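Engineer: Residue numbers for the sequence shown follow my numbering, so the first one is 996 and each next one is one higher.
Even for Gly, the Cβ is constructed at its ideal location relative to N, Cα and C.
Given the structure is predicted, the values throughout are model-derived calculations rather than measurements.
Shown below is the structure under consideration.
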Amino acid sequence: MPYTVRGDVHTHTLFSRHAYSTIAENVAAARAAGLDLLGSTDHFSSMLFPDQHVRNFQYLLNRDCWPRLWDGVTVLRGAEVDITGLDGSFFGQDLAVPESISGHPEQPGTTLFGLVAKGCDYLIASVHNELFTTGASRAQAANMYISALEHPQVLVLGHVGRSGVPFDIDPVLLRARDLGKLIEINEHSLEARRPKTDSACRRIAERCAELGVGVVVNSDAHIAQAIGHYPHAEALLEEIGFPEELIANRDAATFLAAMERAGLPRLQ
Ligand SMILES: [Zn+2]
Ligand SMILES: [Zn+2]
996 MPYTVRGDVH
1006 THTLFSRHAY
1016 STIAENVAAA
1026 RAAGLDLLGS
1036 TDHFSSMLFP
1046 DQHVRNFQYL
1056 LNRDCWPRLW
1066 DGVTVLRGAE
1076 VDITGLDGSF
1086 FGQDLAVPES
1096 ISGHPEQPGT
1106 TLFGLVAKGC
1116 DYLIASVHNE
1126 LFTTGASRAQ
1136 AANMYISALE
1146 HPQVLVLGHV
1156 GRSGVPFDID
1166 PVLLRARDLG
1176 KLIEINEHSL
1186 EARRPKTDSA
1196 CRRIAERCAE
1206 LGVGVVVNSD
1216 AHIAQAIGHY
1226 PHAEALLEEI
1236 GFPEELIANR
1246 DAATFLAAME
1256 RAGLPRLQ
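Dropping the structure here:
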């Protein structure tokens, strides 16, 4: 039975620098694909700019001007933040922001992470440069993911089957289930048909099914045309008989309810 996934909650605009579409193009593509929910989650990461100044990240700070309901599509303002430490710390937590983009003083203690997170409906936490995990045990890597999940604004662990960080799967999935948080089944990870990634993604999906852990099926689109299309992810889920009720982004209402269960604030 084919799945219906009417929300795509991991997508990029050209503000991710190696992505190519505007938010308006992404919304139009979401609508054309029959979606009722789009989560825009540009990278919040050191990979974007050589200089980590707040002015380089203002694309994540002014999204209040986006309509919540945009051409019939509910649009969420998220970010894909890099996990940067084995303690589950994030990019930007150690970057002080003394001044706003216009040069006015910020409150003492303001960090780049804090400023950006404040403007986000939810965060996806992902590892993109796994070098800091070199030599870590599977248990240490699991604890890293658990700490990341425990951050109140993190809703999703992004592409854990592709990040090149071996980890003990069950403790992470069980903690996600306890917290009502979600594991990503990422289309982009499966497109390349890399046997190691494919088998890791499959194992993770199987365990989510067996343990009753909620997931999100996402394109991780870096161009508008990819939004709402997940043929490899859906084929994998069909092969293993994945229960549809565990897919939290099957429509907007289901995803918004999952956000609330995970303790995220209601949308403004
Ligand atoms: Zn990217
Ligand atoms: Zn990613």
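Along the chain, which unbroken stretches of the beta strand (DSSP E) at least 3 residues long are found entirely within the segment 1156-1224?
Structural biologist: Correct list: 1177-1181, 1210-1213.
Engineer: Apart from the five residues on each side of it in sequence, which residues of its chain come closer than 7 Å, Cβ to Cβ, to N1021?
Structural biologist: Within the same chain, N1021 has close Cβ partners T1006, T1008, L1033, S1035, A1219, I1222.
Engineer: If we ignore side chains and look at the alpha-carbon of each, how far apart do A1019 and F1086 end up?
Structural biologist: Straight-line Cα distance between these residues: approximately 27 Å.
Engineer: Would you call the CB atoms of S1184 and R1157 closer than 7 Å?
Structural biologist: Yes, they are a contact pair.
Engineer: Compare the Cα-Cα distances from S1214 to each of G1029, H1227, Q1047 and report the closest residue.
Structural biologist: It is H1227 whose Cα lies nearest to the Cα of S1214.
Engineer: In the DSSP assignment, the alpha helix (DSSP H) including H1140 goes from what residue to what residue?
Structural biologist: The question names His, but residue 1140 is Tyr in the sequence shown. Unbroken alpha helix (DSSP H) run through Y1140: 1133-1145.
Engineer: So, with DSSP's three-state summary, where would you put L1009?
Structural biologist: In this structure, L1009 counts as helix in the three-state DSSP scheme.
Engineer: Specify the secondary structure class of R1072 as computed by DSSP and reduced to three states.
Structural biologist: R1072 falls in the strand class under three-state DSSP.
Engineer: Are there 16 or more other CB atoms within 10 angstroms of the CB of E1229, so buried, or fewer, so exposed?
Structural biologist: Label assigned to E1229: buried.
Engineer: CB-CB under 7 Å to R1012, same chain, minus the five flanking residues each way: which ones, in chain order?
Structural biologist: Within the same chain, R1012 has close Cβ partners L1043.
Engineer: Three-state secondary structure (DSSP) at G1109?
Structural biologist: In the structure shown, G1109 sits in a helix (DSSP, three-state: H, G or I).
Engineer: Could you round the C-beta distance between G1029 and R1058 to whole angstroms and report it? I think they count as a contact, below 8 Å.
Structural biologist: Actually they are not in contact, since the Cβ atoms of G1029 and R1058 sit about 24 Å apart, beyond 8 Å.
Engineer: With 16 other CB atoms within 10 Å as the buried threshold, where does L1150 fall?
Structural biologist: Per the 10 Å Cβ criterion, buried.
Engineer: Under a Cβ-count criterion, where at least 16 other Cβ atoms within 10 Å of its own Cβ denotes burial, should H1146 be classed as buried or exposed?
Structural biologist: H1146 is buried by the Cβ-count criterion.
Engineer: Please find out if some non-hydrogen atom of ligand 2 comes closer than 6 Å to the beta-carbon of S1084.
Structural biologist: Not so, every heavy atom of ligand 2 lies at least 6 Å from the Cβ.
Engineer: Near R1050, which residues of its chain fall below 7 Å by C-beta distance, leaving aside the five closest residues on each side in sequence?
Structural biologist: If we look at R1050 and ignore the five residues flanking it on each side, its Cβ neighbours are I1096.
Engineer: What residues sit near ligand 1, counting only those whose C-beta is closer than 7 Å to one of its heavy atoms, in chain order?
Structural biologist: Having a Cβ closer than 7 Å to some heavy atom of ligand 1 are H1007, S1011, H1013, A1014, H1038, H1217.
Engineer: Sorted by chain position, which residues of the same chain lie with C-beta nearer than 8 Å to D1163's C-beta, five sequence neighbours on each side aside?
Structural biologist: Excluding sequence neighbours, D1163 sits near R1133, A1134, A1136, A1137.
Engineer: With 16 as the cutoff for other CB atoms within 10 Å, does R1198 come out buried or exposed?
Structural biologist: It counts as exposed.
Engineer: Do the CB positions of V1167 and Y1140 come within less than 7 Å of each other?
Structural biologist: In contact: V1167 and Y1140 (Cβ atoms closer than 7 Å).
Engineer: Measuring only between beta-carbons, confirm whether L1150 sits less than 7 Å from chain D.
Structural biologist: In the displayed structure, chain D is absent; only one protein chain is listed.
Engineer: Would a C-beta distance cut-off of 7 Å place H1217 and N1181 closer than the cut-off?
Structural biologist: Cβ distance not < 7 Å, so H1217 and N1181 don't count as in contact.
Engineer: Span of the beta strand (DSSP E) holding H1227?
Structural biologist: First-last for H1227: 1226-1234, but that is the alpha helix (DSSP H), not the beta strand (DSSP E).
Engineer: For K1113, does the count of other Cβ atoms within 10 angstroms reach 16, so buried, or fall short, so exposed?
Structural biologist: The residue in question, K1113, is exposed, as its Cβ has fewer than 16 Cβ neighbours within 10 Å.
Engineer: Return the residue from the list Y1054, L1064, Q1047, D1046 that minimises the CA-CA distance to L1262.
Structural biologist: Taking only the C-alpha atoms, the option nearest L1262 is L1064.
Engineer: With distances taken from CA atoms, which of F1010, S1142, P1103 is nearest L1174?
Structural biologist: Checking every option, the nearest Cα to that of L1174 belongs to S1142.
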